[in-house]
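Engineer: If you count by numbering that gives the first Met the number 0, then the sequence shown holds residues 0 to 173, one letter each, in order.
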Amino acid sequence: MLNKPIKFRKMAMLSMALIFWLSGVSLFAQNKQANTTEPEKKQVPTAQPKVSLSNQQPGVAKQDDASIKRAALEQKRKEEQALESKKQSLAKENAKNTKTSSHMQSTSAKAPVNAVQSTSSKNDVKANTVQKDWEIKKAKITADLKAKGASQYDIDKQIAAIEKQMNINNNSNK
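(1) With H, G and I counted as helix, E and B as strand and the rest as coil, what does DSSP make of G23?
(2) Shortest alpha-carbon distance to E83 belongs to which of A71, A142 and S22?
(3) Less than 8 angstroms between C-beta atoms, sequence neighbours within five positions excluded: which residues of the same chain meet that for K131?
(4) Hey, how far is the Cα of Y152 from the Cα of L13?
(5) Just verifying my parser: in three-state terms, what is the DSSP assignment at A90?
(6) In three-state terms, what does DSSP make of K3?
(7) Determine, using beta carbons only, whether L144 and Q157 come nearer to each other than 9 angstroms.
(8) To the nearest angstrom, report how far apart A28 and L21 are at their CA atoms.
(9) What would DSSP say about S150, mapped onto helix, strand or coil?
(10) Taking K137 as the reference, which of N30, A159 and M10 has the closest Cα?
Put into C-alpha cells, the structure is as follows:
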C-alpha cells in the first residue's frame, strides 16, 4: 500500500501539515504565556456578598473597607476632573465669543471703527489660548497615564518630552 507514490505523497503531506499545525499551536501557547507587555486590567470591585455571622472575618472586612474607600476617592477624583474640564471648556468658549465680538465692525456713523488690532495683542491672545490648550492636554495626558498605572517619574518624563518638542516647533514657526 505504501509503495504507491501517490499514497506516499498524500501521507507525507498530511503528516507534515499535522506537524506544522501542532508546532503553530504550541508556539501560540508559548507566546500567550510569555506575552506580559500588555498592562493588566484593573478589576472593578463587585458588590459584596452577604456575610453571615458564622463566617465573618475581621481582616477581610478591613480590606473591603479600604478598597471601598479607594474606589470612592477615585470616583470623586474623576468627578472633579470632569467638572474642571467643563469649566475650562466654558472658559474657552467664552474666550472665543469675546474674540469674535472684538473683530465686528460698528455700523454706526458716530462710532469709531475698531477692526484693526495690533499684532502684539493678537500674539498675546494666541499665546493665552495655546497655554490654556496645553494645560488641558497636559491634564488629560496625566490622567490617562495615571489610569494606566504609570509612575509619576514616567509621567513627568513624557510631559517634558512633549514640551520640548512643542518649543522646538514654536521656534521653527517664528
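For every residue, glycine included, the Cβ atom is placed at its ideal position computed from N, Cα and C.
Structural biologist: On the basis of the data shown:
(1) The residue given as residue 23 occupies position 24 in the sequence shown. Helix at G23.
(2) Here the question's residue 83 lines up with position 84 in the sequence shown. Ranking the options by Cα distance to E83, first place goes to A142.
(3) For this step, residue 131 is matched to residue 132 along the sequence shown. So the list reads Q87, A90, K91 and A94, once near-sequence residues are dropped.
(4) Translated into positions along the sequence shown, residue 152 becomes position 153. Translated into positions along the sequence shown, residue 13 becomes position 14. So the alpha carbons of these two residues sit roughly 55 angstroms apart.
(5) On the sequence shown, position 91 is the one that residue 90 refers to. If DSSP states are grouped into helix, strand and coil, A90 belongs with the helices.
(6) Start at 1 with the first residue of the sequence shown, and residue 3 comes out as number 4. K3 falls in the coil class under three-state DSSP.
(7) Position 145 of the sequence shown, counted from the first residue, corresponds to residue 144. Position 158 of the sequence shown, counted from the first residue, corresponds to residue 157. Cβ atoms of L144 and Q157: closer than 9 angstroms.
(8) By 1-based counting over the sequence shown, the position of residue 28 is 29. By 1-based counting over the sequence shown, the position of residue 21 is 22. In a straight line, the C-alpha of A28 is about 11 angstroms away from that of L21.
(9) Numbered from 1 along the sequence shown, position 151 holds the residue referred to as residue 150. Correct three-state label for S150: coil.
(10) Along the sequence shown, one-based indexing puts residue 137 at 138. It is A159 whose Cα lies nearest to the Cα of K137.
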